[in-house]
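J.: Below are the structure tokens for one structure; questions will follow.
Protein chains in written order, with my numbering: chain H, 78 to 192; chain L, 257 to 371.
Structural data, given as structure tokens:
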């Protein structure tokens, strides 16, 4: 079984400041890793994903994440946030297994960008 | 851009009543999913559906739940006799099975309130 821990439930940050949203996972098999974002009254939208290869993954809206296998982490970063980045961010994993595409999510981190 | 839609956005029902939550996946997608998020908790996988049958389900998805694709466009989740603990946001998702690490496209959710 897999599990995902998002260490911060809420992160306030000033506009144009950098931000890091933390995600750790636990799995006995290899995984694929995702970050989704949910804006108010909208569905979850994929920000980026790690499947294999380079451990630094770039996504939409200037976000990036780094896969660290030894620390089982996949932290999300942005060097300079905007008001429009205010949203809830979810880390998720998809485990290997024949025909299994289910995602296991963390509890989410609410990012509040302060003007 | 194609998107997953869900109706209704908010459903209020009395305990013991049957509810049907509706979803229209993206038209060329072949895998369909239901997830739920109880307030303050993680997004949890319920069920996946492919080729007109359930491909995977979680332990949450007991006999009170069923899914159906009644026509070529809709995908429904039925709860036969709702309980207070079924109150949650229910998300529908769809994906194209192109291998591992498929992006799942999520709808905006239906908030179910059981009184």
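Ideal placement from N, C-alpha and C gives every residue a C-beta, glycine not left out.
(1) Work out the CA separation of residue 185 of chain H and residue 334 of chain L for me, nearest whole Å.
(2) Chain C beta carbons: is any one of them nearer than 7 Å to that of residue 301 of chain L?
(3) Within 10 angstroms of its Cβ, does residue 172 of chain H collect 16 or more other Cβ (buried), or is it exposed?
(4) Between residue 160 of chain H and the rest of its own chain, which residues show a CB-CB distance below 7 Å, the 5 nearest in sequence each way excluded?
(5) Thinking C-beta only, is residue 275 of chain L closer than 7 Å to residue 363 of chain L?
(6) Tell me which residues share the same chain as residue 283 of chain L and place their Cβ nearer than 8 Å to its Cβ, disregarding the 5 neighbours each side in the sequence.
(7) Please report whether the beta-carbon of residue 362 of chain L lies at a distance below 7 Å from any beta-carbon of chain H.
(8) Check for me: the beta strand (DSSP E) holding residue 102 of chain H runs from which residue to which?
(9) Scan the segment 112-139 of chain H and note each continuous beta strand (DSSP E) run of 3 residues or more that stays entirely inside, going in chain order.
T.: Checking against the coordinates, here is how it stands:
(1) 27 Å
(2) Of the chains in the structure shown, none is chain C; the protein chains are H and L.
(3) buried
(4) 92, 190, 192
(5) no
(6) 258, 329
(7) yes
(8) 101-103
(9) 121-127, 133-135
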